[in-house]
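Undergrad: One structure coming up, written as structure tokens, with questions to follow.
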Amino acid sequence: MLDIIRGQIRIFLRARTLHLCNLSLAAVFFLMMFLDSGGTGELRKPVTDYIAGSLPVFAGFASISAGLTVGMVSGADFTDKTINHELTSGRSRAVSFFGRAIPALIGAPLTALAVTALPLLLYGMLFGFGDVVPVSEVVRRLLLMLFPNIRMTAFCLMTVFILKNPTASISFSTLVMPAFALAQVADTSVPMIGKLAAHPFLLAPSGLSRLGKFDSWYTYDLSLNQYFTYDPALPASTVWPIIVCAVIMTAVYLLIGYHFFHVDDMA
Amino acid sequence: MKLMDITAVTACVAACGGLCWLAGYADRVKSTKWKIFWLIVPLLAIGVSKHGLTVSLLPLYLGAVIAALGFFTERSGIRRRLAAAGAACMLLSVPVCLLNPRYRAKDYLGDFEKLSACMREHYVLTDHKGIDWDALYAKYQPKFAEIDRTQDAGANLLTWGAFCGEFHDGHVGYTYSIKEDMAPANQAIREALGHDYGLSLMRCADGSFAAVHTDESLAEYGIRNGTVITAWDGRSPDEVSKASPLYDVNFFVYDEEKEEPTLIMSSYPDMDNEIFWSGVLCAGVGGDSVTVTYLDENGAEQTAVLSQCGDYLDRLTGTVKTVGQSVETGNLMWKRIGRTTACLRIKGMSFDMKSYNSAEDDAYDEMKNEIRQQILEYQQDGVKDVIIDLRGNEGGSPHMVNGVTAMFAPKGEHYCLTNCVWDEQNHCWAKDASGRYVKGNDIVYQGEQLLGDGRIIVLVDSATVSAGDIMTKEMEGLENVAVIGFTEPNGSSQAVGMKAGKCGTLSFSNCVVLDENGDIAIDSGIDRQSGDGDGVEIIPFDGEAIRALFDEGRDYLMDKALEMLER
């Protein structure tokens, strides 16, 4: 298994396309914030202002990188039949599966975290962090968002091993996750997503959005200047079901993925 | 049981039947790819119902998991047994849903807790109106707890109406968001308003109560429009009105076919407006019959026993519409009233979306050009004076108010309102050491005096609210303008915020608007006197007005305005 894990790490480090995609995502996030303040304009919002208002969107789009990582790294061995050769050469299915699952479950969520956090960190260092929400709370939220990302990674792994094709993982992460993130912040809500979002522990995207969302209130004056206030608190009663469901569903997805792979005809 | 839940159960049970067949097929073809279908049942169980998860459907979810366990085995016999067991478990959800009193229960209490807490934190007139939040919570929390237990949608709306009525603020209101709550809410209001005895009551300028909107059948008793009613079941009409469950309560009746509210009544910020309407709810209070004491044509006191003949809702709606009538035309539309007079109807302070969301000086240039052009055309046709009908104006943008007022105001700079300063550090409206809001910049506008020496009369009523209040305040300060009405305008000018719950939305004053002294602009405080009524010329609501409105069907206020212009 260690050989397979080392191999996965090597694939990850050499996957230029993946790094390019991750860097592009991070660059887009940075540009979104930079251009919102008018380029080099004087009125520049601190990074915590963007975090308070848009962290679920950043995190939802950043989870694309988790799906890409699973597809391009864990799923790569299906396209070139490496895994077939591995199995025929005597390696057990369990070693093949978990040798890929373990680095994916660690690396993909951390990649998503990096894609989310690095542009925010860079922007904050350049233009200020501000105090719209406490930075410590932001760090806490980002770390909590690892759990839904791990769950989503496990789901992508399951699809890759069932379909023996990385396309499903890549498609899911690039289409479904961002759509869900946007739908939850859109003014006209999609009824089904609204109902599912009412139970944030139900799906990984809804959990991710809820953990990144700061409850807010807004007011304005006669000159239509808008003022936002944010509540940094996240009740434990919201957090724990999301974490517990993430852990349980990660185990379920891995179980399903492994069971299918274990008896699957690899032809 | 809801149709979507029945569909979900049916679909999942049918899926289990499909799995039973598929178990044999997969075994025959010896292919593992069919295993995926065993994962579909849990997706169906969660995904089909648009109403979301509920504890009552737990057997459905458990049954889906049991059926899905067939994924982990290749033996068709075990798969079939699991599918059958799953289907049986799913079917259990039907009696559970039918017998569970909390099945799809609406969270009325949770909504109250959440919305009232939000309002407590963000309502800007707490000190100004002397609101005791603890007392309000202690009074209403048990009521909402009971409503949550009984799931009474009608009582929910009425209780919210009573809660909102406590603030005497035209910007505080609750609307339900669940469509199926509409019918019970309308029914609850209909019942609370009581019976129809063939008449409504209105308070006259001299303090007496007169019958209005009377049914022809009451003529045999000598009761007609204008007949003075001295007692209702032995009590004074305003005393009876105050005993109505809807007195000082914000409520509305929604017509689903017309897709609009047909009756809106509320508590009044200004005490004078409350007194004006103090008799109107009386005429619905009573049992199968009521004893009415009235003055006949000779001034002698008579008594009549009137039997109930339906619900009071329709007659009340007609009464309110007649008293609160306005020029029937579109928003910002003109109507030629007389030889030298034209009327501009303003139903709401909104021109278009682009200008509504802008505070720029030129945002309403297009609107102003249209008004300017129309006035010039009218002037060429002999029009000298203008009547602006603000009755029932629902408010909107204060910048549009300035845009319209600027057309008619004398040349020079005029004051509108003052912004409050926002405390960036504490994320709240700034207050000084004494607890008063801190003044920011003044909002002003430049007058054009388009009418020259022409006169302007503005018509208002108690439903003229928000930006309508602001326009009234601005107009009554201008020397070439007279503001008239049976009542003052509503008396609510602070801007609005909203908080949505699961069952409804609460709106309340959220944005501070100050006057030139740094005090809360217009909105009434503990004294229940709003700041935009002093300049309103009150037209007495008397026998003459009643005859004109209810017998002759005339717009009495408009007639009075024309009379004033002809003097």
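Chains as they are written, first to last, in this note's numbering: chain W, 1 to 267; chain G, 1 to 567.
In this text, a Cβ means the ideal position worked out from N, Cα and C, and glycines have one as well.
Which residues of chain W have a Cβ atom closer than 7 Å to the Cβ of lysine 35 of chain G, listed in chain order?
TA: The residue given as residue 35 of chain G occupies position 35 in the second sequence. In chain order: Phe260.
Undergrad: Consider the Cβ of tryptophan 217 of chain W: report whether some Cβ of chain G lies at a distance smaller than 7 Å.
TA: Here residue 217 of chain W corresponds to residue number 217 of the first sequence, with the count starting at 1. Chain G contact via Cβ: present.
Undergrad: With a cut-off of 7 Å, does the C-beta of cysteine 282 of chain G fall near any C-beta of chain W?
TA: Start at 1 with the first residue of the second sequence, and residue 282 of chain G comes out as number 282. It does not; no Cβ of chain W falls within 7 Å.
Undergrad: Buried or exposed: which applies to leucine 146 of chain W, given that a residue is buried once 16 or more other Cβ atoms fall within 10 Å of its Cβ?
TA: Here residue 146 of chain W refers to the residue found at position 146 when the first sequence is read from its first residue. When all chains shown are included, leucine 146 of chain W counts as buried.
Undergrad: What is the DSSP secondary structure of serine 89 of chain W, reduced to helix, strand or coil?
TA: As a position in the first sequence, residue 89 of chain W is number 89, starting the count at 1. Reduced to three states, the DSSP call for serine 89 of chain W is coil.
Undergrad: Please list, in chain order, the chain G residues whose beta carbon lies closer than 7 Å to that of serine 223 of chain W.
TA: The residue given as residue 223 of chain W occupies position 223 in the first sequence. Neighbours of serine 223 of chain W on chain G, chain order: Ala359, Asn419.
Undergrad: Name the residues in the region 434–449 of chain G whose C-beta lies less than 9 Å from a C-beta of chain W; which are they?
TA: Under the 9 Å Cβ criterion, the region 434–449 of chain G contributes Gly440, Asn441, Ile443.
Undergrad: Would glycine 70 of chain G count as contacting chain W if we go by Cβ distances under 7 Å?
TA: Within the second sequence, the letter at position 70 stands for residue 70 of chain G. It does not: the Cβ of glycine 70 of chain G has no partner Cβ on chain W nearer than 7 Å.
Undergrad: Is glycine 234 of chain G near the ligand SAH, in the sense that its beta carbon is under 6 Å from a heavy atom of that ligand?
TA: The model on display carries no ligand, and the ligand SAH is accordingly not part of it.
Undergrad: Could you compute how far the alpha carbon of glycine 338 of chain G sits from the alpha carbon of valine 458 of chain G?
TA: Stepping through the second sequence from its first residue, residue 338 of chain G is reached at position 338. Stepping through the second sequence from its first residue, residue 458 of chain G is reached at position 458. Answer to the nearest angstrom: the Cα atoms are 16 Å apart.
Undergrad: Tell me the residue span of the alpha helix (DSSP H) that contains phenylalanine 163 of chain G.
TA: Mapped onto the second sequence, residue 163 of chain G falls at position 163. Annotation for phenylalanine 163 of chain G: the continuous alpha helix (DSSP H) segment containing it runs 153–165.
Undergrad: Spell out the partners DSSP gives methionine 158 of chain W in its beta bridges.
TA: In the first sequence, counting from the first residue as 1, residue 158 of chain W sits at position 158. According to DSSP, methionine 158 of chain W bridges with nothing at all.
Undergrad: Are there 16 or more other CB atoms within 10 angstroms of the CB of arginine 315 of chain G, so buried, or fewer, so exposed?
TA: Locating residue 315 of chain G in the second sequence gives position 315, counting from the first residue. So arginine 315 of chain G ends up on the buried side.
Undergrad: Kindly list, in the order they appear in chain G, the residues whose Cβ is closer than 8 Å to that of isoleucine 256 of chain W.
TA: Along the first sequence, read from residue 1 onward, the residue named residue 256 of chain W stands at position 256. The contacting residues are Leu39, Phe71.
Undergrad: Using a Cβ-Cβ distance under 7 Å, would tryptophan 422 of chain G count as near chain W?
TA: Taking the second sequence and counting its residues from 1, one reaches residue 422 of chain G at position 422. Yes, tryptophan 422 of chain G counts as interfacial toward chain W.
Undergrad: Check each residue of the region 227–249 of chain W: if its Cβ is closer than 7 Å to any Cβ of chain G, include it; give the result in chain order.
TA: Tyr227, Thr229
Undergrad: Shorter than 7 Å from the beta carbon of tyrosine 220 of chain W to some beta carbon of chain G?
TA: The residue given as residue 220 of chain W occupies position 220 in the first sequence. Output row for tyrosine 220 of chain W: interface = yes.
Undergrad: Grab me the residues of serine 116 of chain G's own chain with a C-beta within less than 7 Å of its C-beta, minus the 5 sequence neighbours each way, in chain order.
TA: For this step, residue 116 of chain G is matched to residue 116 along the second sequence. Here the set comprises Tyr137.
Undergrad: Kindly say whether glycine 497 of chain G, judged by its beta-carbon, lies nearer than 7 Å to any beta-carbon of chain W.
TA: Reading the second sequence from its first residue, position 497 is the one you call residue 497 of chain G. Cβ-Cβ to chain W under 7 Å: yes for glycine 497 of chain G.
Undergrad: Among G:Gly543, G:Lys33, G:Asp527, G:Ile223, which residue has its Cα nearest to the Cα of aspartate 265 of chain W?
TA: One-based indexing of the first sequence puts residue 265 of chain W at position 265. Among G:Gly543, G:Lys33, G:Asp527, G:Ile223, the Cα nearest to that of aspartate 265 of chain W belongs to G:Lys33.
Undergrad: Between threonine 319 of chain G and valine 212 of chain G, is the Cβ-Cβ spacing less than 7 Å?
TA: Residue numbering aside, residue 319 of chain G sits at position 319 when the second sequence is read from its first letter. Residue numbering aside, residue 212 of chain G sits at position 212 when the second sequence is read from its first letter. A contact, by the Cβ cut-off of 7 Å.
Undergrad: Could you tell me which of W:Val47, W:Thr17, W:Met177, W:Leu13 sits nearest to phenylalanine 29 of chain W, measuring between CA atoms?
TA: Position 29 of the first sequence, counting from 1, holds the residue named residue 29 of chain W. When only C-alpha atoms are compared, the closest one is W:Val47.
Undergrad: Taking the continuous alpha helix (DSSP H) assigned at serine 206 of chain W, which residues delimit it?
TA: Residue 206 of chain W sits at position 206 when you count from the first residue of the first sequence. Where serine 206 of chain W is concerned, the enclosing alpha helix (DSSP H) stretches over 204–212.
Undergrad: Could you check whether the Cβ of cysteine 511 of chain G sits closer than 7 Å to any Cβ belonging to chain W?
TA: Taking the second sequence and counting its residues from 1, the one referred to as residue 511 of chain G is at position 511. Yes, contact with chain W.
Undergrad: So with CB distances below 9 Å, who are the chain W contacts of histidine 122 of chain G?
TA: For the purposes of this step, residue 122 of chain G is taken as the residue at position 122 of the second sequence. Chain W residues near histidine 122 of chain G: Trp217, Thr219, Thr229.
Undergrad: Using the three-state DSSP reduction, which class does leucine 13 of chain W fall into: helix, strand or coil?
TA: To locate residue 13 of chain W, count along the first sequence from 1; it is residue 13. Here leucine 13 of chain W sits in helix by DSSP.
Undergrad: Span of the beta strand (DSSP E) holding tyrosine 230 of chain W?
TA: Locating residue 230 of chain W in the first sequence gives position 230, where the first residue counts as 1. Counting along the chain, the beta strand (DSSP E) containing tyrosine 230 of chain W begins and ends at 226–231.
Undergrad: Where does the unbroken alpha helix (DSSP H) through leucine 22 of chain G begin, and where does it stop?
TA: Mapped onto the second sequence, residue 22 of chain G falls at position 22. Unbroken alpha helix (DSSP H) run through leucine 22 of chain G: 3–29.
Undergrad: Check each residue of the region 152–177 of chain W: if its Cβ is closer than 8 Å to any Cβ of chain G, include it; give the result in chain order.
TA: Ile162
Undergrad: Hey, does proline 398 of chain G have any beta-carbon neighbour from chain W nearer than 7 Å?
TA: Taking the first residue of the second sequence as position 1, residue 398 of chain G is located at position 398. Yes, its Cβ sits closer than 7 Å to a Cβ of chain W.
Undergrad: Below 7 Å on C-beta distance, what does histidine 427 of chain G contact in chain W?
TA: Position 427 of the second sequence, counted from the start, is the residue given in the question as residue 427 of chain G. Residues of chain W passing the Cβ test: Thr229.
Undergrad: Is the beta carbon of phenylalanine 276 of chain G sitting closer than 7 Å to the one on threonine 487 of chain G?
TA: Position 276 of the second sequence, counting from 1, holds the residue named residue 276 of chain G. Position 487 of the second sequence, counting from 1, holds the residue named residue 487 of chain G. Yes, the pair counts as a contact, with Cβ atoms nearer than the cut-off.
Undergrad: Count the C-beta pairs between the region 480–497 of chain G and the region 165–174 of chain G that are closer than 8 Å, then say yes if the count reaches three, no if not.
TA: Segments in contact, yes.
Undergrad: Quick one: what does DSSP say lysine 499 of chain G is sitting in, helix, strand or coil?
TA: Here residue 499 of chain G refers to the residue found at position 499 of the second sequence. In this structure, lysine 499 of chain G counts as strand in the three-state DSSP scheme.
Undergrad: Buried or exposed: threonine 40 of chain W, going by 16 or more other Cβ atoms within 10 Å of its Cβ?
TA: Start at 1 with the first residue of the first sequence, and residue 40 of chain W comes out as number 40. Only weak support exists for where threonine 40 of chain W lies, its pLDDT of 49 falling under 50; the coordinates are left without a value.
Undergrad: Spell out whether any CB of chain G is found under 7 Å from the CB atom of threonine 40 of chain W.
TA: The residue you call residue 40 of chain W lines up with position 40 of the first sequence. For threonine 40 of chain W, the predicted model reports a pLDDT of 49, less than 50, meaning its position is unreliable and no value from the coordinates is stated.
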